[in-house]
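These protein sequence lines are chains A and B, in that order.
Position in the first sequence (from 1) plus 87 gives the number in the numbering used here.
Position in the second sequence (from 1) plus 1 gives the number in the numbering used here.
For glycine and all other residues, C-beta sits at the position ideal for the given N, C-alpha and C.
Heads up: the structure comes next, in structure tokens.
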Amino acid sequence: TQLLEQSPQFLSIQEGENLTVYCNSSSVFSSLQWYRQEPGEGPVLLVTVVTGGEVKKLKRLTFQFGDARKDSSLHITAAQPGDTGLYLCAGARGNMLTFGGGTRLMVKP
Amino acid sequence: NAGVTQTPKFQVLKTGQSMTLQCAQDMNHNSMYWYRQDPGMGLRLIYYSASEGTTDKGEVPNGYNVSRLNKREFSLRLESAAPSQTSVYFCASSADRTGREQYFGPGTRLTVT
Numbered sequence: 088t089q090l091l092e093q094s095p096q097f098l099s100i101q102e103g104e105n106l107t108v109y110c111n112s113s114s115v116f117s118s119l120q121w122y123r124q125e126p127g128e129g130p131v132l133l134v135t136v137v138t139g140g141e142v143k144k145l146k147r148l149t150f151q152f153g154d155a156r157k158d159s160s161l162h163i164t165a166a167q168p169g170d171t172g173l174y175l176c177a178g179a180r181g182n183m184l185t186f187g188g189g190t191r192l193m194v195k196p
Numbered sequence: 002n003a004g005v006t007q008t009p010k011f012q013v014l015k016t017g018q019s020m021t022l023q024c025a026q027d028m029n030h031n032s033m034y035w036y037r038q039d040p041g042m043g044l045r046l047i048y049y050s051a052s053e054g055t056t057d058k059g060e061v062p063n064g065y066n067v068s069r070l071n072k073r074e075f076s077l078r079l080e081s082a083a084p085s086q087t088s089v090y091f092c093a094s095s096a097d098r099t100g101r102e103q104y105f106g107p108g109t110r111l112t113v114t
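This is how it looks when you write it as structure tokens:
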């Protein structure tokens, strides 16, 4: 059983559509990060959220940390083919990160 | 800056063989990590080193050993490879001990037959 559950596992959409990816847990984290991974490469950090209720924006990507610091969401507006990849959330506790299973996103032109 | 580098990029082993995966970072980071990534499982922590001279077990340490050679380098050793260790291995580093904001290498794809 994964400590961090991501949904959906797979998402295939058309260019221009909006989408939301969820990361849920029953555990509290001191911070939560979102990474994006492309085939054959390592994950790349997108954002870190620390405070409950925090919202961060990165161009067309909006990240939110739940009030109780147990869950997070990633919203992409007007998705583009370049957004295609595996999106991973990771929660920090102590000096370790626990990763979710990932959401594989495909944006078709 | 190269960031985090890993060698080799690909490796095929026979069951029972041993090998060492090498990792180096040039960002002067204190903490380093080894993960494995299997389909549908995300990344699972094998071992980590919060600072030079210390190592600790992660979620899946069995069958692996690590060495923090110096601040830059952190190696992962498989003493007797098993097919269950077929995976993609990633090394990562972080500036502080909290483990957040990790920077990853490109990975080593290992197949054990």
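Closest to B:D39 by C-alpha separation, out of B:F91, B:Q103, B:Q12 and B:Y104, would be which residue? Of the residues B:F91, B:Q103, B:Q12 and B:Y104, the one whose Cα lies closest to the Cα of B:D39 is B:F91.
First and last residue of the uninterrupted beta strand (DSSP E) at B:R45: Per DSSP, the unbroken beta strand (DSSP E) holding B:R45 starts and ends at L44 to S50.
B:S52 versus A:T135 - alpha carbon distance: Approximately 22 Å, taken between the alpha carbons.
Look at B:V13 and B:V113 and say whether their C-beta atoms are less than 9 Å apart. Judged by their CB atoms, B:V13 and B:V113 are nearer to each other than the 9 Å cut-off.
Would you say B:V5 lies against chain A (beta-carbon separation less than 9 Å)? Taking Cβ atoms only, chain A reaches closer than 9 Å to B:V5, which makes this a yes.
What residues in its chain sit with their C-beta under 6 Å from that of A:K195, if we drop five residues either side in the sequence? By the criterion of a C-beta distance shorter than 6 Å, A:K195 is surrounded in its chain by Q101, once the five residues flanking it on both sides are discounted.
For A:G169, which three-state DSSP category applies? A:G169: helix per DSSP, three-state reduction.
Of all the beta strand (DSSP E) runs that stay within the bounds of the segment 51-91 of chain B, which reach a length of 3 or more residues? Qualifying beta strand (DSSP E) stretches, in chain order: 65-69 and 75-79.
Name the residue from A:N111, A:M193 and A:G139 whose alpha carbon lies nearest to the alpha carbon of A:Q167. Considering only alpha carbons, the answer is A:M193.
So which residues on chain B does A:T171 lean against when the C-beta distance must stay under 8 Å? Against chain B, a Cβ distance below 8 Å from A:T171 picks out nothing, because the smallest value is about 18 Å.
Output yes if chain A places a C-beta closer than 9 Å to the C-beta of B:Y65; else output no. At least 9 Å separates the CB of B:Y65 from every CB of chain A.
Close-in-space but distant-in-sequence residues of the same chain around B:V5 (CB under 7 Å, 5 per side omitted): Counting only residues of its own chain and dropping the five nearest sequence neighbours on each side, B:V5 has a CB closer than 7 Å to the CB of C24, Q26, C92, A93, S94, Y104, F105 and G106.
Assigned exposure category for A:P125 - 16 Cβ within 10 Å defines buried: Residue identity check: residue 125 of chain A is Glu in the sequence provided, not Pro. It counts as exposed.
Would you identify the three-state DSSP class for A:D154, choosing helix, strand or coil? Of the three classes helix, strand and coil, the one that applies to A:D154 here is coil, per DSSP.
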